[in-house]
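According to the numbering used here, the residues represented by the sequence shown are 2 to 274, in order. Cβ atoms here follow ideal geometry from the backbone N, Cα and C, with glycine treated the same way. Note that this is a predicted model, so its numbers are computed, not measured. Encoded as structure tokens, the structure appears first; notes follow it.
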Amino acid sequence: MPRLEVVVDRETVWSQLRASAEAAAREEPHLGSQMNAVILSHADLTAALSFQIARKLGDEELRAMTVREVCQTAFAADPAIVAAAEADLQAVAERDPAIKTLLQPFLYFKGYQALQASRVAHWLWRQGRETLAFHFQGRISELFQIDIHPGAQLGSGLFLDHGTGIVIGETAVVGDEVSMLHNVTLGGTGAERGDRHPKIGKGVLLGAGAKVLGNIVVGDYAKVASGSVVLKPVPAGCTVAGVPARLVNCPTDATPARTMDHTLADLVYDFVI
């Protein structure tokens, strides 16, 4: 099957998602009721997304209907949340060669689902509703093995590939168009309070198992190799690798988060960043 054509606008995202759900219902009748409940019975992505988050996060303490009401309130107050969800779908379509349709991330990819629920948690956090925000965080962590503090600021067009084990701290900032793989940590370096977590620039690629620690900046379009431990700022457009991380090459790939190119140059600089 050819790779999915990259979607480019809001109307196309929803129409492609509906078309995929209709095709899936025809091809696999056992999932027809799921396709109808989650996607086909809704008028737009906003309604479908609130339903999907609710059916995942709802539990005995906080029923799905209540979760959905919270999501709908958040989406109405801040339409940028849904716009970011659309951009995230576009990012998966563009960067994941395994994807067949938009149905996969929307229904089955926990990285995508955790992101959307975390955006609602962040909205709650900004409204001062910290207890409910923490409830969302706890459910997201239990369900998806992805722990994103509700205070963290997340850009749009993000791609959490696989997702398992990702940890993002309270004062972390993740720019637009970032891609990160499983077991990435954006953490602190101790028990200090205040602004203590990394600031990840636009278009950065964070490889599997990468650890970026402390209130440091990873510049736009930089690349952090898998398994690296980054303790100092990374210049824009550069690649770092190792423990502790060292500069590998500057400039690196112009758009590493889009190409998902994890290869490294042969030359490693002999100084620590």
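Only counting the same chain, and skipping five residues up and downstream in sequence, which positions put a Cβ closer than 7 angstroms to that of residue i?
i: Met2; result: Note that Met2 has pLDDT 32, beneath the 50 cutoff, so the model's placement of it is unreliable and no number is given.
i: Ala134; result: Ala122, Leu125, Trp126, Pro151
i: Arg4; result: In this predicted model, Arg4 has a pLDDT of only 41, less than 50, meaning its place in the structure is not dependable; the value taken from the coordinates is given anyway. Closer than 7 angstroms at Cβ, skipping near neighbours: Pro98.
i: Phe76; result: Thr47, Ser51, Ile82, Val83
Whose C-beta lies closer than 6 angstroms to the C-beta of residue i among residues of the same chain, with five residues either side of it excluded?
i: His112; result: His is not the amino acid found at residue 112; the sequence shown has Gly there. Leu161, Gly164, listed in sequence order.
i: Ala173; result: Ala153, Leu187, His198, Pro199
i: Ala86; result: Leu50, Gln117
i: Gly158; result: Ala88, Ala92, Asp177, Glu178
i: Thr260; result: Asp254
i: Ala295; result: The structure shown does not extend to residue 295, since the chain spans only 2 to 274, so no value can be given for it.
i: Val175; result: Leu155, Gly156, Ile201
i: Gln53; result: Val39
i: Ser21; result: Thr102, Leu103, Leu104
i: His263; result: Gly208
Sort the options by Cα distance to residue i and report the nearest one.
i: Leu144; options: Ser119, Ser157, Asp221; result: Ser119
i: Thr253; options: Val244, Asp79, Leu206; result: Leu206
i: Gly228; options: Val39, Ala209, Gln154; result: Ala209
i: Gln17; options: Leu32, Ile40, Pro30; result: Ile40
i: Val231; options: Ile217, Gly238, Ala237, Tyr222; result: Ile217
i: Ser42; options: Ala192, Arg19, Pro245; result: Arg19
i: Lys212; options: Gly33, Val241, Val83; result: Val241
i: Glu1; options: Ala258, His263, Thr264; result: The structure shown has nothing for residue 1, since the chain only spans 2 to 274.
i: Asp45; options: Ala25, Val83, Gln35; result: Val83
i: Ala81; options: Pro234, Arg27, Thr47; result: Thr47
i: Gly215; options: Asp79, Glu171, Gln114; result: Glu171
i: Ser180; options: Gly189, Ala226, Asp196, Thr190; result: Ala226
Near residue i, what residues of its chain come up, given a Cβ to Cβ distance below 8 angstroms and the 5 sequence neighbours on each side ignored?
i: Leu58; result: Ala65, Val68, Ala118, Phe137, Arg140, Ile141, Leu144
i: Phe272; result: Because Phe272 carries a pLDDT of 44, less than 50, the predicted location of this residue cannot be relied on, and the following value inherits that uncertainty. Within the same chain, Phe272 has close Cβ partners Arg247, Leu248.
i: Ala237; result: Gly202, Gly220, Asp221, Tyr222, Ala223
i: Pro234; result: Ile217, Val218, Val219, Gly220, Ile274
What does residue i pair with, by DSSP beta-bridge criteria?
i: Val231; result: Val213
i: Lys224; result: Leu206, Thr240
i: Lys200; result: Val174, Val218
i: Leu155; result: Val175
For a cutoff of 9 angstroms on Cβ pairs, would you count residue i as touching chain D?
i: Pro98; result: Within the model displayed, chain D is absent; a lone protein chain is all it includes.
Counting pairs of Cβ atoms below 8 angstroms between the segment 127-143 and the segment 94-110, do you hit three or more? no
Taking the runs of the beta strand (DSSP E) that are 3 residues or longer, which of them lie wholly in the segment 157-193? 186-188
Only counting runs of 3 or more residues, tell me where the beta strand (DSSP E) segments fall wholly within the segment 236-263, in order along the chain. 240-242, 247-250
Where in the segment 103-151 do unbroken runs of the alpha helix (DSSP H), each at least 4 residues long, occur, reported from the N-terminal end onward? 104-109, 111-127, 131-145
Any chance you could list the alpha helix (DSSP H) runs of at least 4 consecutive residues sitting entirely within the segment 64-95, in chain order? 65-78
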